[in-house]
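Participant:
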Amino acid sequence: MIRRANKDDWKGISRVHVDCMHSAYQGVLPAATLDKFTYIDREKRWQNDLPNSIRGGTMNYVAVDKNGEIVGFALAGTMRDPRLRIKYTGEIYGIYVHPEAQGQGFGKKLFESVTEHLVSHHHTSIALWTFNEHSSCNFFEHLGGINVYEKTNVITGKELEECAYGWDDLQDITCNIEVQD
């Protein structure tokens, strides 16, 4: 099930965030960066930030398994990057699915949910950033994303190549999901 996040979801979101970062970015991000992703740190940040990310033009959704546990989340809102803002008005800030829950359709449902939210706020195109040649690239290409921009970013002294995936027309994305409030 996919639903809008509420202010009490901070602990489950934190767990997914930390576990995903350590699983997906081992060997990609510097160890010093990954070391900062701890349960304590993320819990403090999400407990503080979640109330602001569940209202207005920004929205956070969670994926919940049959036991009621949060196994994924996605966050989206207005495009922040000035290079992409010319063409893309909406941005998916992140889609995270716990490593043990990947491959079960949660990521696609989260993508559809944040896309529907952005359409409801009159966004007609979206983009997101990921690392070049990361496994997430295949996922975004499968969802119809096109690599539209690349940049180099330095994170904790390590030079990393990033790419933006874009969807030019959100009307082309079929969203057949019922989101519960």
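1 is the number of the first residue of the sequence shown in UniProt numbering; add one for each residue after it. A virtual CB, placed ideally from N, CA and C, is assigned to each residue, including glycine.
Hey, would you say L170 sits closer than 8 Å to T124, going by beta carbons?
Facilitator: For the purposes of this step, residue 170 is taken as residue 170 along the sequence shown, with counting starting at 1. For the purposes of this step, residue 124 is taken as residue 124 along the sequence shown, with counting starting at 1. Yes, Cβ-Cβ distance for L170 and T124 is below 8 Å.
Participant: How about G77 and T58: do their beta carbons lie closer than 8 Å?
Facilitator: Here residue 77 refers to the residue found at position 77 when the sequence shown is read from its first residue. Here residue 58 refers to the residue found at position 58 when the sequence shown is read from its first residue. A distance below 8 Å separates the beta carbons of G77 and T58.
Participant: What residue ranges within the stretch 70-96 form continuous alpha helix (DSSP H) runs of no fewer than 4 residues, ordered along the chain?
Facilitator: 82-85
Participant: In the structure shown, what three-state DSSP assignment does N138 receive?
Facilitator: On the sequence shown, position 138 is the one that residue 138 refers to. Reduced to three states, the DSSP call for N138 is helix.
Participant: Under 8 Å between the Cβ atoms of I70 and I2?
Facilitator: Here residue 70 refers to the residue found at position 70 of the sequence shown. Here residue 2 refers to the residue found at position 2 of the sequence shown. Not in contact: I70 and I2 (Cβ atoms no closer than 8 Å).
Participant: Would E150 and E141 qualify as a contact pair, given that the criterion is a beta-carbon distance under 8 Å?
Facilitator: Translated into positions along the sequence shown, residue 150 becomes position 150. Translated into positions along the sequence shown, residue 141 becomes position 141. Their beta carbons are not under 8 Å apart, which means E150 does not touch E141 by this criterion.
Participant: Rounded to whole angstroms, what's the CA-CA distance from C175 to V154? Just pull it up for me.
Facilitator: Indexing the sequence shown from 1 puts residue 175 at position 175. Indexing the sequence shown from 1 puts residue 154 at position 154. Caution applies to C175, whose pLDDT of 44 falls short of 50 and renders its modelled position unreliable; the value that the coordinates give is listed next. Approximately 36 Å, taken between the alpha carbons.
Participant: Give me the Cα-Cα distance between V16 and H98, rounded to the nearest whole angstrom.
Facilitator: Taking the sequence shown and counting its residues from 1, one reaches residue 16 at position 16. Taking the sequence shown and counting its residues from 1, one reaches residue 98 at position 98. Answer to the nearest angstrom: the Cα atoms are 5 Å apart.
Participant: Could I get the ranges of all uninterrupted beta strand (DSSP E) runs contained in the stretch 3-66, with 3 residues as the minimum, in chain order?
Facilitator: 59-64
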